[in-house]
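Enquirer: Residue numbers (my numbering), protein chains in the order written: chain F, 13 to 623; chain D, 21 to 298; chain L, 247 to 464. For glycine and all other residues, C-beta sits at the position ideal for the given N, C-alpha and C. This is the structure I have questions about; it appears just below.
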Amino acid sequence: MGQRSGDGLTAAVDSIKREPDGSRSDSMVTHESGGHHHPPSSFIRKYIFSLDHKVIGIQYYLLALFSVFLGMALSMLMRIHLVWPDLKMPFTPGGQMTPEQYLALVTMHGSIMVFMVLTTAPQSGFGNYMLPIQIGAEDMAFPVLNMLSFWTTFVSLVVLVSAFFVTGGAPISGWTAYPTLSALGQITGPGEGAGQTLWVIGVAIFCIASLLGALNFITTTVDLRAKGMTLGRMPLTVWAWLITAILGLLAFGVLLAACLLLLLDRVAGTSFFIPGGLVVTDTPITSHTGGSPLLWQHLFWFFGHPEVYIAILPGMGVASHVLSTFSRKPVFGYKAMVGALGAIGFLGFCVWGHHMFVSGMSPYSAFAFSLLTMTIGVPSAIKTFNWLGTLWGGKIRFTTAMMFALGFVSLFVTGGLSGLFLAQPSIDLYLHDTYFVVAHFHLIMGVAAIFGIFAATYFWFPKMFGRMLNETIGKIHFWFTFVGVYAIFMPMHFLGLAGHPRRYADTTGVNFLAPLHPVHYFITIAAMITITAQLIFLFNFFYSMKAGKKATENPWEATTLEWSIPSPPPFDNFAGHIPVVYRGPYEFSVPGATDDYIPQHVTPERVGKAH
Amino acid sequence: MIRKTGERGSAAVAFTFATFLVIFTGVTVYLFLAKIWWFPPAITQFGTQIDAQFHRTLIITGIVFILAQLGLAYAVFQSRDRGQRVSFFEGNSAMEFIWTLATVIMFVGLGLYGEHAWAEAHFQGAAPGALQLEVTGQQFAWNFRYAGPDGKFGATKPELVSASSGNPLGLDPRDAAAKDDIVSPVAYVPVGHEIELLIRTQDVTHSFYVRELRLKQDAVPGMVIHMHFNPEVIGQYELACAELCGLGHYRMRSFVNVVSQEDYDKWVRDQETALQQQ
Amino acid sequence: MPGTITDEIEITDGGRGGGVDVPAGGDDGGDGSGGRYPGTPRRAYLTVIQLALAGIIMFFMALTSSFLVRKGLGNDWVAFSLPRILWVNTLILLASSVTIHVARRRLRGAEKVAFKRWWAATTGLGVLFLGGQLMAWRELAGQGVFLASNPSSSFFYVLTAAHGLHLLGGILALLYVSQRNWRRSRISQVTATDVASIYWHCMDGLWVFLFALLYLGR
């Protein structure tokens, strides 16, 4: 072992003994937590530069909440413009929205929603708050790093949004920023000057923030689990956060590299992505030669595909968790669920080419990517079967959290199945870059993942704020949203089947789009109603924070460790008494027990037995 | 605490949720069957094969969709709180195995089955004797070029590109082969003839998309990408750009006119005559 | 070689008991910042540095594959001779891996003074390496080879700059280890040196890989 003793050195005997199952020794854990830990006192340390994972989790959540309303506002402007193009809009100098302004909305809507909502709230928001508690830790492994991750994310949001306010406005190349449109600068269109550069920088900063966050998530899960919290007893939420963090760790570095190269092409005269011989609006481009636009696509989608799994995996974890809790039944096939999460995560790195079937990439690799993509449907299907298996034979409590979890399952099925069409290159030839794709990814990301966030919110709000969200208002919010999102996005499949390309600022330029105008009207009206209904949620959220019914320690009669501490928790989570874990996370309706749930931390002797 | 009596309101919520799912499933299935907004008819053999594969996929996903949504509806309804005992089970390895296997066979099988059409479009080149048609995208127009009687495409130079002066492709007047090149904003092709497209772009990525051909191909800067098709139905077919290319992306539209061999030959003659008069 | 990554019994400084990086004393540091977070086990530091390296390697793998793709794309890749000083720099960096290894051995042997000397030598070699890289850039600039001159030079500058930046981070870590007051820190000296060493060795190895790539691929 290489240990030596010498002057002034103490070899600790009772040091980091690890149990065979990998959890830490009890004696050390309880020894550490006593006495040395005081809550911060100044306002800045408590709420601004807090090191407390719970505060940081809420900060991420509020950032996401702001971003989602901003993103929805942008999409509302888009939808209104599509059906009433002559309407004078606010925020548009000159009154009517121009095509480039529409495309700027498209770009920023996508970027803000994907990065600032779907990559933050489910993972950095709820994960930060709940992961340490659910594994019995007092905080993340590296609280300072955690605080830095949040503030770096904040800076990236500021930089991203600032693109709206520079000359030329926000970029028009979509959240995918394909060169050469995004690489040649102002000459390719408005917004492609400073706006695009700010976008690239903002996204690069976001990459760093995400990498920092991933480090904390993985280390904490691997090294800070309480005694008895073996990997096999971790809630599926923790598994999802862990695998998501691994995806992020491996994927964001690639996007960072891509952004660096794109930035250099834009400002330093390099030609990573820009080939020679180009002519833009009769102006030859002589300063670049030899680069490949496809290189960007490979780099971007190598990141981009794991990114969408980063967006959905935590929602899957929450869905499993909530479905089990409110069916009063264990998760069906826990091991298969973990395996499916891992398989989805792994395969997620192998399918990026399915975004590039018509890109000019080799058709042979298209074939390979296609088969791998069809394969990724298998673990997704396994999860769906297991969710149904969890519900089957249960005894459902229809809380709002449960409604959103049930909605998640329906939406995931619908959104996932359209992927089977897109995964086949021969069919994708027709459907690529049409509204069929828009329908697919919105149902999966823009709705199912959001439902995961809502389910988590309604589930954990009492723990986080010590008060209950109003269930009646919550149910109204659920129904408007569930019906509404289907009304918005199901018709888009048919727009796609009719061949309607995406990112069209206007539908009057192409004849075959004319018969589709009524569908656009329907979608816009549905969107207006659904987006307005989210104000119900906003009201409920902030009102209940102050005036909601006070929450008990375990209002849902749930089993995992967060429900063993006060609502809201003390600053060090367990008030110095780190729990020991005795069983798995979903012990509901165990035959022979008096209660229909057995929390993870209750010692076997104290579990009531029915006679 | 195990409640012995059913929770109040549980039945109503369960019923509503299940009913919504049933209605939603029904409406969706109906809309897909009714084909109110649908593909235009395909005009190539290849297109017909794609449509067949699409229908196969639609049937399989349709069945899965119906089973899953109705299964969810039923599970929710059946499991509403009626004061019943919970059936405690944590899994079923046999069922896991069976439905995993079924899914693998269905999904991968479907994928493999459809590869033939893809292979035909992309693994093989155009048939010999195909009509060569170069299509160039630019912000925000399409231009088609025919090699003319000499069968050779003339040289182009980026410096010579000037849409405003009628030379959008930058044809080099000093190249003899360029003199008879026909440049047209719309395409004319003879029916029943193999056509080979050479897809290019001058500035940013565009995408050549004609619905009736069931074809789409990005036009990538720095590349010339080949596609081939054999149109079998005379008509005018709209070409729409399918890759975000800037503010005019929505109006980057042209037409592919599939005409009889006689009409095509006449059109070519007219174009050549116009060229010689310049 | 990177330090052995095991749950070694922690050898702490300052006579504290317990194997975990617990701060001495129960005060809050007097600045109203709240008490220090009590327990990040040594193993967590070792985990996180490996994870960080995985993330960093993905970044460089993306650049590497871009390099290979771009090189194979066209015929505009112009070879240029790499400045000879790069060989010297490589030797310097390799030497620094030796010195850091010796430094760690000295620390484990409780030879404080020797540790400080070998650690300072490592830091010095690191700074020398960066200086040498800058000289390589100056040499190329003098020959008229700049970032945008040619794809081969573009990648040269990008890869050396990215590596240099990460190495600078390593030097800051070395300085942290040499300057830190261990009584007031969460992390123990041994763990900090181990973490810094792992990172340093990997930066060394990364440079060897990048140098080979640039040399063979020029």
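Using CA coordinates, which residue listed in Y291/L, W428/L and A408/L is at the minimum distance from L380/L?
Expert: Comparing Cα positions, the closest option is A408/L.
Enquirer: With M109/F and S79/F assumed to form a contact (beta carbons below 8 Å), what rounded beta-carbon distance in angstroms separates them?
Expert: About 22 Å; that fails the 8 Å criterion.
Enquirer: What whole-angstrom Cβ distance do V450/F and D238/D have, given they're in contact under 8 Å?
Expert: The Cβ separation is near 18 Å, so there is no contact.
Enquirer: Is F392/L helix, strand or coil by DSSP?
Expert: Three-state DSSP puts F392/L in coil, outside helix and strand.
Enquirer: Measuring only the C-alpha atoms, how far is P97/F from Y114/F?
Expert: Straight-line Cα distance between these residues: approximately 10 Å.
Enquirer: Using beta carbons (cut-off 7 Å, strictly below), is R76/D in contact with chain F?
Expert: No, its Cβ sits nowhere closer than 7 Å to a Cβ of chain F.
Enquirer: In whole angstroms, what is the alpha-carbon distance linking M457/F and K562/F?
Expert: Roughly 33 Å separates the two Cα atoms.
Enquirer: Roughly how many angstroms separate the alpha carbons of H366/F and Y321/F, rounded to a whole number?
Expert: Taking the straight line joining both Cα atoms gives about 14 Å.
Enquirer: So what does I202/D bridge to, in DSSP terms?
Expert: For I202/D, which the question treats as bridged, DSSP gives the partners Y166/D.
Enquirer: Shortest alpha-carbon distance to H412/L belongs to which of M449/L, H347/L and R351/L?
Expert: Cα-wise, what sits closest to H412/L is M449/L.
Enquirer: Please state whether the Cβ-Cβ distance between H532/F and L94/F is less than 7 Å.
Expert: A contact, by the Cβ cut-off of 7 Å.
Enquirer: For V292/F, decide whether its Cβ has a neighbour in chain L, counting only Cβ atoms nearer than 7 Å.
Expert: No - not a single Cβ of chain L is within 7 Å of the one on V292/F.
Enquirer: Quick check on the DSSP output: what are the complete alpha helix (DSSP H) runs of length 4 or more inside the stretch 509-572 of chain F, in order along the chain?
Expert: The qualifying runs are 529-559.
Enquirer: Per the DSSP calculation, P11/F is bridged to which residue(s)?
Expert: The requested residue 11/F does not occur in the structure, where chain F is confined to residues 13 to 623.
Enquirer: List, in chain order, every chain D residue whose beta-carbon is nearer than 8 Å to that of W404/F.
Expert: Residues of chain D passing the Cβ test: A95, Q98, S99 and S107.
Enquirer: V592/F to E574/F, Cα distance in whole Å?
Expert: Taking the straight line from one Cα to the other gives about 13 Å.
Enquirer: By DSSP, does H269/D sit in helix, in strand, or in coil?
Expert: If DSSP states are grouped into helix, strand and coil, H269/D belongs with the helices.
Enquirer: Report all residues from its chain with a CB closer than 7 Å to the CB of T406/L; omit the five preceding and five following residues, and keep chain order.
Expert: Cβ within range, chain order: Q379.
Enquirer: Can you confirm whether the stretch 193-210 of chain D touches the stretch 166-179 of chain D when touching is taken to mean that 3 or more C-beta pairs between the two stretches lie within less than 8 Å?
Expert: The stretch 166-179 of chain D is in contact with the stretch 193-210 of chain D.
Enquirer: Taking DSSP as the reference, what is the three-state secondary structure of R464/L?
Expert: DSSP places R464/L in coil when its eight states are reduced to three.
Enquirer: Output needed for E31/F: all residues of its chain with C-beta closer than 6 Å, excluding positions within five of it in sequence on either side, in chain order.
Expert: At E31/F, the pLDDT of 43 sits below 50, so the modelled position is not reliable and the matter cannot be decided from this model.
Enquirer: I want to verify the contact list: residues of chain F whose CB lies under 7 Å from the CB of M449/L, in sequence order.
Expert: Residues of chain F passing the Cβ test: none, with the nearest at roughly 15 Å.
Enquirer: Just to confirm the assignment: which complete alpha helix (DSSP H) runs, minimum length 4, are found wholly within the stretch 118-155 of chain D?
Expert: Listed in chain order, nothing qualifies, since the stretch 118-155 of chain D has no complete alpha helix (DSSP H) run of 4 or more residues.
Enquirer: Within its chain, find whatever has a CB closer than 6 Å to the CB of R515/F; leave out the 5 residues flanking it on each side and keep chain order.
Expert: V118.
Enquirer: Just checking my contact of N250/D with Q65/D at CB under 8 Å: how many whole Å lie between their CB atoms?
Expert: Correct: roughly 7 Å between the Cβ atoms.
Enquirer: How far does the alpha helix (DSSP H) with P111/F in it reach, from first residue to last?
Expert: P111 to S123 is the extent of the alpha helix (DSSP H) around P111/F.
Enquirer: Quick check: the Cα distance between A263/F and I302/L, rounded to an integer number of angstroms?
Expert: Cα to Cα, A263/F sits roughly 11 Å from I302/L.
Enquirer: Counting only Cβ-Cβ distances shorter than 8 Å, please list the residues of the stretch 563-592 of chain F near chain D, keeping chain order.
Expert: Residues passing the 8 Å Cβ filter: E569.
Enquirer: When the Cβ atoms of the stretch 425-438 of chain F are set against those of the stretch 279-296 of chain F, are three or more pairs found closer than 8 Å?
Expert: The answer is no - the stretch 279-296 of chain F does not touch the stretch 425-438 of chain F, with fewer than three Cβ pairs under 8 Å.
Enquirer: List the residues of chain F that S182/D touches, going by C-beta distances under 8 Å, in chain order.
Expert: Within chain F, the residues near S182/D are D294.
Enquirer: Is G281/F near S299/F, with beta carbons less than 7 Å apart?
Expert: Yes, these two residues count as a Cβ contact at 7 Å.
Enquirer: Sort V253/D, Y284/D and A161/D by Cα distance to T221/D and report the nearest one.
Expert: Ranking V253/D, Y284/D and A161/D by Cα distance to T221/D puts A161/D first.
Enquirer: Just the Cα atoms here: how many angstroms apart are G265/F and G316/F?
Expert: Approximately 12 Å between the Cα atoms of the pair.
Enquirer: Who are the neighbours of F154/F on chain L, taking C-beta pairs under 8 Å?
Expert: The contacting residues are T286, A290 and V294.
Enquirer: How many whole angstroms separate the CB atoms of L452/L and F306/L, which I take to be in contact at a CB cut-off of 8 Å?
Expert: That belief holds up - the Cβ atoms of L452/L and F306/L are roughly 6 Å apart, short of 8 Å.
Enquirer: With distances taken between CB atoms, is the gap from L307/F to V436/L smaller than 7 Å?
Expert: No.
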